[in-house]
Amino acid sequence: MGERMNIKKFCLSAMLLALSVAIYTLESFIPPIGIPGVKPGLSNIVTLISLMFLGPKYTACILFLRITITSLISGTAVSFVFSVSGGVFAFAAMSVLIVFLNGKLVWAVSVCGAVFHNLGQLIAAGVMIENLSAIYYLPMLMLSAIITGAFTGIAAQLLDNRLGDIIRRKF
Amino acid sequence: MIAAASIFALMLMNSNAGTQVSIFYKDKLIYTMKLSENETKRIELDEGYNEIEVKNGKVFVKSADCKNQVCVNSGKKSAAGSTIICAPHRLTVKIEIDDSKDADV
Chain A
9 MGERMNIKKF CLSAMLLALS VAIYTLESFI PPIGIPGVKP GLSNIVTLIS LMFLGPKYTA
69 CILFLRITIT SLISGTAVSF VFSVSGGVFA FAAMSVLIVF LNGKLVWAVS VCGAVFHNLG
129 QLIAAGVMIE NLSAIYYLPM LMLSAIITGA FTGIAAQLLD NRLGDIIRRK F
Chain B
120 MIAAASIFAL MLMNSNAGTQ VSIFYKDKLI YTMKLSENET KRIELDEGYN EIEVKNGKVF
180 VKSADCKNQV CVNSGKKSAA GSTIICAPHR LTVKIEIDDS KDADV
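Chains A and B supply the protein sequences, listed in that same order.
The letter at position 96 of the first sequence is residue 104 when you use the working numbering, and the numbering goes up by one with no holes.
The letter at position 58 of the second sequence is residue 177 when you use the working numbering, and the numbering goes up by one with no holes.
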């Protein structure tokens with residue numbers, strides 16, 4: 009029985025991975041809005057969903073594979089470093105907070121994840137250019153993280169309200 | 120709380136115009152331009168090139184051969200403290216207030 013459950017979870021995580029790669033690639037077609045690094049972060053919806061339904065272990069795998077695959081498709085070595093540092097920070101913050109809040113207040117978890125994602129990227133930028141001037145972008149990145157984080161969090165919450173019971177029963 | 124602090128910092132930042140453009144490679148100053156004079160400078164680095172232009176009191180990166188083009192998309196800047204970063208080339212373009220001129224204002 010335990011093994012069968014694992015296969016189901018395995019399939020669900022493969023589906024979520026495919027979905028997040030597709031969302032990320034679609035999102036890269038949205039033209040930049042003049043503030044570097046500011047993106048809707050729609051694939052964070054998938055990360056949140058998998059944190060809610062599959063737990064941190066599966067989510068870490070999905071996130072890392074998503075970053076690797078999308079970097080191979082459309083990225084560079086530099087964008088890979090940025091994605092990984094942002095991803096690690098966001099994942100750490102969200103996986104702790106989602107346990108702490110007992111699966112409630114998903115939008116708050118998401119906002120926190122987005123804030124830490126941008127912090128991670130800023131630290132990566134600072135390390136890369138070897139000076140501190142990246143801090144200029146901090147206020148803008150924090151504001152945009154709150155807005156996009158709330159948006160992706162509410163999207164994940166809506167999905168949970170509609171599909172959560174079905175998915176939890178099946179997996 | 121973070122939102123309030125960010126908005127406050129943003130308001131503080133865009134308050135006064137800068138006078139000088141400093142271009143850094145890593146933490147070394149490699150070139151300076153005046154915001155009052157139109158000028159185009161092509162910076163050649165081992166990592167690639169950035170073409171930086173000052174026009175009508177605003178500075179922007181006209182073109183670069185990096186792949187993500189974040190610096191080019193950063194737009195035109197004129198406020199003191201504004202920064203354009205090209206992470207792949209380790210290049211920072213920073214607007215500053217020239218201290219020597221500031222003293223007698």
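Beta carbons: idealized from backbone N, C-alpha and C, even for Gly.
For residue i, the first and last residue of its enclosing alpha helix (DSSP H)
i, result
"TYR66 of chain A", "64–82"
"VAL123 of chain A", "114–137"
"LEU149 of chain A", "146–178"
"LEU59 of chain A", "52–61"
"LEU105 of chain A", "85–108"
Boundaries (first-last residue) of the beta strand (DSSP E) holding residue i
i, result
"ARG161 of chain B", "158–163"
"MET152 of chain B", "147–153"
"CYS205 of chain B", "202–205"
"VAL180 of chain B", "177–183"
"PHE143 of chain B", "139–144"
Residues near residue i by beta carbon distance below 8 Å, same chain, minus five either side
i, result
"ALA222 of chain B", "Interpretation of ALA222 of chain B is limited by its pLDDT of 46, a score under 50 that renders its predicted location unreliable; the figure taken from the coordinates is listed afterwards. No residues qualify anywhere along the chain."
"GLY167 of chain B", "ALA183, ASP184, CYS185, PRO207 and HIS208"
"ALA158 of chain A", "TRP115, SER118 and VAL119"
Below-8 Å beta-carbon distance, residue i vs any chain B residue
i, result
"MET9 of chain A", "Note that MET9 of chain A has pLDDT 48, beneath the 50 cutoff, so the model's placement of it is unreliable and the number below is only indicative. Judged by the 8 Å Cβ criterion, MET9 of chain A is not in contact with chain B."
"GLY138 of chain A", "It should be noted that the sequence gives Glu, not Gly, for residue 138 of chain A. Closer than 8 Å: yes."
"ILE38 of chain A", "no"
"SER51 of chain A", "no"
"PRO147 of chain A", "yes"
"VAL144 of chain A", "First, the residue type needs correcting, since residue 144 of chain A is Tyr and not Val in the sequence shown. Closer than 8 Å: yes."
"ILE75 of chain A", "no"
"THR84 of chain A", "yes"
"ALA133 of chain A", "yes"
"ARG176 of chain A", "no"
"ILE154 of chain A", "yes"
"LEU151 of chain A", "yes"
"VAL123 of chain A", "yes"
"SER118 of chain A", "no"
"SER79 of chain A", "no"
"SER141 of chain A", "yes"
"SER93 of chain A", "no"
Neighbourhood of residue i by C-beta distance below 6 Å, restricted to the same chain and skipping five residues each side
i, result
"ILE106 of chain A", "LEU59 and VAL117"
"CYS120 of chain A", "ALA101 and LEU105"
"SER51 of chain A", "SER28, ILE31 and TYR32"
"PHE124 of chain A", "PHE97, ALA98 and ALA101"
"THR159 of chain B", "GLU172"
Proximity test, Cβ basis, 8 Å: residue i and chain A
i, result
"ALA198 of chain B", "no"
"ILE204 of chain B", "yes"
"PHE179 of chain B", "no"
"THR211 of chain B", "yes"
"LYS174 of chain B", "no"
"ASN135 of chain B", "no"
"ALA122 of chain B", "yes"
"ASP184 of chain B", "no"
"LEU148 of chain B", "no"
"LEU154 of chain B", "no"
"LEU129 of chain B", "yes"
"ASN187 of chain B", "yes"
"THR138 of chain B", "no"
"ILE126 of chain B", "yes"
"ASN169 of chain B", "no"
"LYS145 of chain B", "yes"
Cβ neighbours of residue i in the same chain (closer than 7 Å, five flanking residues each side left out)
i, result
"GLY194 of chain B", "PHE179"
"VAL140 of chain B", "THR151, MET152, LEU154, VAL173, VAL178, VAL212 and ILE214"
"LEU127 of chain A", "PHE97"
"LYS78 of chain A", "The residue you asked about is not Lys; residue 78 of chain A is Thr in the sequence shown. Contacts found: VAL29, TYR32 and THR33."
Those residues which DSSP pairs with residue i across a bridge
i, result
"TYR168 of chain B", "B:GLU163"
"LEU210 of chain B", "B:TYR144 and B:CYS205"
"LYS16 of chain A", "Bridge partners of LYS16 of chain A: none, in fact."
"LYS174 of chain B", "B:LYS177"
"LYS302 of chain B", "Residue 302 of chain B lies beyond the stretch modelled for chain B, which goes from 120 to 224, so this question has no answer here."
"GLU215 of chain B", "B:GLN139"
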